[in-house]
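Before any comments, here is the structure.
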Amino acid sequence: MAQQLDNDLQFEDRFHRKFYYLRLSVTDVCNFKCTYCLPDGYKPTEKKKPSFLTLDEIERVTRAFAECGTSKVRITGGEPSLRRDYTDIIRTVAAQPGITKVATTTNGYRMEKNVKEWREAGLTHINVSVDSLDPKMFYQITGENMFHKVMSGIDAAFDAGFEQVKINTVLLKNQNSQELPKFLAWIKTRPIQLRFIELMQTGEMDSLFKNYHVSGVSIRNHLIANGWLLKINGKNDGPAQVFCHPDYMGEIGLIMPYEKDFCQSCNRLRVSAKGKLHLCLFGDHGVELRDLLSADEQRTELISRIRGGLKEKSVSHFLDAGNTGMTPNLASIGG
């Protein structure tokens, strides 16, 4: 049956890339004001209260992806834990047959209180955004004085039974780019995968990109020169190049979207909090799905529309050619 699924049902584009990984945004709202994402804080684009995907709609879109070979769902935002029904969302996604990994990306401010509940609901993997180990720099980047609260949340995640916590750190020149020694010391005795993410140029962040972008190549060269070894990614893993070292419990991941052939192994699709399929973080438009999420009987048509959209997926995001697409900021489609 597994072989039949791979050949006949698996979502696949015209470049023969198969999609095992769905990033599902459940809200655009975020309570942090990160300089590289929402420097002025969250500002709704509509006067009325935004209508994000309901629990039933989340169940229907997740089931459609699961039936077509998706095995990993990452629940994102904005900040997904701002949803009052967030634990129910985790439970709903985890209940879909074929979904073996339920992950989330969070700013961590609710982890200390709720992460045990999330794990019991079915969350298997967790990523926390921590852009500095210096509380003052953390505040400067995020606009919030919550460093110690987030650190306590990471401890709570381990206490709840997570074997590994992934930490997302956006590289910013002359801000946190000099913290590598401090980060390495932090993960030496802790099972943390520290993921350095290159700053990406979005439509509203041209000057910030010009002033603060730094390539991850220098970090990679440092790691290789000091005995770190590249691991092989699994089929539903994300785009990070992951390095391990025999003397460290932790790992280092590098996400470098400006490298040649970054998109060659793309295995993930995105659905926004308002029900649009985005074929790429930097795509120019989305495929509307929400009108097909109101009833279970629409699943065949929903799957057909997703397949039709995949025919339009580009071979690359073309970031290396200066393309930023129409993505205004990374929070807008669950970046």
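Residue numbers (the working numbering): 24 to 358.
Ideal Cβ placement from N, Cα and C applies to all residues, glycine included.
Point to revise | Where phenylalanine 38 falls, given that 16 or more other Cβ within 10 Å makes a residue buried | key: exposed
Review point. From this set, Ile113, Asn244, Leu105 and Ile329, which residue's C-alpha is nearest valine 96's C-alpha?
Key: Ile113
Review point. Once you ignore the five residues that flank leucine 146 on each side, which residues in its own chain have a CB closer than 7 angstroms to its CB?
Key: Ile113, Val125 and Thr127
Practice item. Count the other CB atoms, across all protein chains shown, that sit within 10 Å of the CB of glutamine 201; report buried if there are 16 or more and exposed otherwise. Key: exposed
Check your understanding: Three-state secondary structure (DSSP) at phenylalanine 75?
Key -> coil
Practice item. Evaluate contact between the segment 291-301 and the segment 318-327, counting only Cβ atoms and requiring at least three cross-stretch pairs below 8 angstroms. Key: no
**Study point:** Three-state secondary structure (DSSP) of threonine 129
**Key:** strand
Exercise for review: Please specify which runs of the alpha helix (DSSP H), each continuous and at least 4 residues long, are wholly inside the segment 48-117, giving them in chain order.
Suggested key: 78-90 and 109-117
Practice item. Going by CA-CA distance only, name the one from Phe55, Cys267, Ala180 and Tyr43 that's closest to arginine 361. Key: Outside the displayed range of the chain (24 to 358) lies residue 361, so it cannot be described from this structure.
Review point. Do glycine 273 and arginine 213 come within 7 angstroms of each other at the CB atom, strictly closer than that value?
Key: yes
Check your understanding: Going by DSSP, what residues sit across from leucine 255 in a beta bridge?
Key -> Going by the sequence as given, residue 255 is isoleucine instead of leucine. None, per the DSSP bridge assignment.
Check your understanding: Looking at the unbroken beta strand (DSSP E) that takes in glutamate 391, where does it start and where does it end?
Key -> Nothing can be reported for residue 391, as the shown portion of the chain is limited to 24 through 358.
Check your understanding: Just checking, does the segment 164-171 make contact with the segment 231-238 on the three C-beta pairs under 8 angstroms criterion?
Key -> no
Review point. How should histidine 301 be labelled, buried or exposed, when 16 other C-beta atoms within 10 angstroms of its C-beta is the threshold for buried?
Key: buried
Review point. Where does the unbroken alpha helix (DSSP H) through histidine 245 begin, and where does it stop?
Key: 240-248
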